[in-house]
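Asks:
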Amino acid sequence: MTTILSKIKDQQIKGRKSLAILIDPESSSTKQIAQLVRLAIDAHVDYFFVGGSTVDYTDMERVLTQLETLTEIPVIIFPGSPNQLSNKADALLYLSLISGRNPELLIGKQVESVAFLRKSSLEVIPTGYLLIDGGTQSTVAYVSNTQPIPHDGTDIALATSLAGQYLGLQLIYLEAGSGAKWPVSADMIRSIKNELSVPLIVGGGIRTPEKARTAVEAGADIIVVGNILEKDPNLIIDLSIAVHSTKTLQS
Ligand code: 1GP
């Protein structure tokens, strides 16, 4: 069976970039999701990420059930807490917030989630999650009670990403926070990509095809876009063209 992680790694080896659409069940109606899915299928979007900082189980189940009936695009849980776990998705980003020093988010919540995971067939993908300052206090920083890495803190972001890889984490996710003023910089992405071997996900504040292109050209393997699509779902088409037509320019 091909797992989602093996697909992500395979795409990385081939230099193919992917677009993930983030759905926050708290702010997405059934009608909005139906429209988003139609556009995503037309635009060949690669993944749906579902989750949010304060989403409850009922909203998660509603959205996952709807996606299950509407699309074959893989659905990956991007959890804000263990109560967002569900067997209706294909995989789980098993996040450890390695940019922070809050033990609950480094290992505590992961232990709590084991009661669910040991009885589940959900694919579990160990993921190092790094919060990077995006120019505004993000919900993730507030809820997680952690400090983001400075926007220009490339050295510490690189050391943190590599530490995550040495610990055995399979993906590294650079997060500027939903609605960030500035996405993660091309310089930071490029420096990390030059030394990292596991796939790199980048999200937060990517609101235009140009910004998506900048991030993939710098080395991101997967771009995550959320917020802007709630206002302008048609942007999916141009975002997808920007991501899928770009290859990493190696320095
Ligand atoms: C996913 O938090 C991001 O990493 C989504 O950010 O809502 O700003 O696209 P936006």
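Take -9 as the starting number for the sequence shown in the numbering used here and just add one per residue.
Backbone N, C-alpha and C define an ideal beta-carbon position, used for all residues, glycine too.
Where does L75 sit, in a helix, a strand or coil, going by DSSP?
Replies: Walking along the sequence shown from the start, residue 75 turns up at place 85. Residue state, collapsed to three classes: coil.
Asks: Who pairs with P116 in a beta bridge, going by DSSP?
Replies: As a working mapping, residue 116 is identified with position 126 in the sequence shown. Its beta-bridge partners are Y84.
Asks: With H, G and I counted as helix, E and B as strand and the rest as coil, what does DSSP make of S(-4)?
Replies: Working through the sequence shown from its first residue, we reach residue -4 at position 6. Helix.
Asks: Out of I31, Q22, K7 and D49, point me to the one whose CA is closest to P15's CA.
Replies: As a position in the sequence shown, residue 15 is number 25, starting the count at 1. For the residues I31, Q22, K7 and D49, the minimum Cα distance to P15 belongs to D49.
Asks: Taking Cβ to Cβ, would you say G70 is nearer than 8 Å to G90?
Replies: Locating residue 70 in the sequence shown gives position 80, counting from the first residue. Locating residue 90 in the sequence shown gives position 100, counting from the first residue. Result no, Cβ atoms of G70 and G90 do not sit closer than 8 Å.
Asks: I'd like the list of long-range same chain contacts for A208, defined as Cβ closer than 6 Å, with 5 residues on each side in sequence excluded.
Replies: In the sequence shown, the residue the question calls residue 208 occupies position 218. The answer, listed in chain order, is A176, I179 and R180.
Asks: Restricting to Cα atoms, I'd like to know which of A232, I(-6), Q56 and I162 is closest to S111.
Replies: To locate residue 111, count along the sequence shown from 1; it is residue 121. Residue I(-6) is the option with its Cα nearest to S111.
Asks: If you drop the 5 nearest sequence neighbours on each side, which residues of the same chain put their C-beta closer than 6 Å to that of V73?
Replies: For the purposes of this step, residue 73 is identified with residue 83 of the sequence shown, where counting begins at 1. Before going on, a small fix: residue 73 reads as Asn here, not Val. Here the set comprises Y47.
Asks: Note the first and the last residue of the continuous alpha helix (DSSP H) segment covering L190.
Replies: Mapped onto the sequence shown, residue 190 falls at position 200. No alpha helix (DSSP H) holds L190; the beta strand (DSSP E) holding it covers L190 to G193.
Asks: Tell me which residues share the same chain as S230 and place their Cβ nearer than 7 Å to its Cβ, disregarding the 5 neighbours each side in the sequence.
Replies: As a first step, residue 230 is located in the sequence shown; it is residue number 240 there, counting from the start. Once the five neighbours on either side are set aside, the close Cβ partners of S230 are L9, A33, H34 and V35.
Asks: Between the alpha carbons of T204 and Y156, how many angstroms are there, rounded?
Replies: Locating residue 204 in the sequence shown gives position 214, where the first residue counts as 1. Locating residue 156 in the sequence shown gives position 166, where the first residue counts as 1. Using only the alpha carbons, I get a separation of about 27 Å.
Asks: Looking at L82: is its Cβ nearer than 8 Å to the Cβ of L120?
Replies: Within the sequence shown, the letter at position 92 stands for residue 82. Within the sequence shown, the letter at position 130 stands for residue 120. Result no, Cβ atoms of L82 and L120 do not sit closer than 8 Å.
Asks: Can you tell which of P116, D222 and E62 has its C-alpha closest to the C-alpha of Y84?
Replies: Mapped onto the sequence shown, residue 84 falls at position 94. Comparing Cα positions, the closest option is P116.
Asks: Is R108 buried or exposed, if buried means 16 or more other CB atoms sit within 10 Å of its CB?
Replies: For the purposes of this step, residue 108 is taken as residue 118 along the sequence shown, with counting starting at 1. The residue in question, R108, is exposed, as its Cβ has fewer than 16 Cβ neighbours within 10 Å.
Asks: Compare the Cα-Cα distances from T61 to each of L87, L148, K(-3) and R28 and report the closest residue.
Replies: Residue mapping note: residue 61 aligns to position 71 of the sequence shown, counting from 1. Here the closest residue by C-alpha is R28.
Asks: Measure the C-alpha to C-alpha separation of V40 and D145 and round it to an integer number of angstroms.
Replies: As a working mapping, residue 40 is identified with position 50 in the sequence shown. As a working mapping, residue 145 is identified with position 155 in the sequence shown. Approximately 30 Å, taken between the alpha carbons.
Asks: Any heavy atom of ligand 1 closer than 7 Å to the CB of E165?
Replies: Within the sequence shown, the letter at position 175 stands for residue 165. Indeed, a heavy atom of ligand 1 lies less than 7 Å from the Cβ.
Asks: Just list the residues that DSSP pairs I122 with in beta bridges.
Replies: Against the sequence shown, residue 122 aligns to sequence position 132. DSSP lists I139 as partners of I122.
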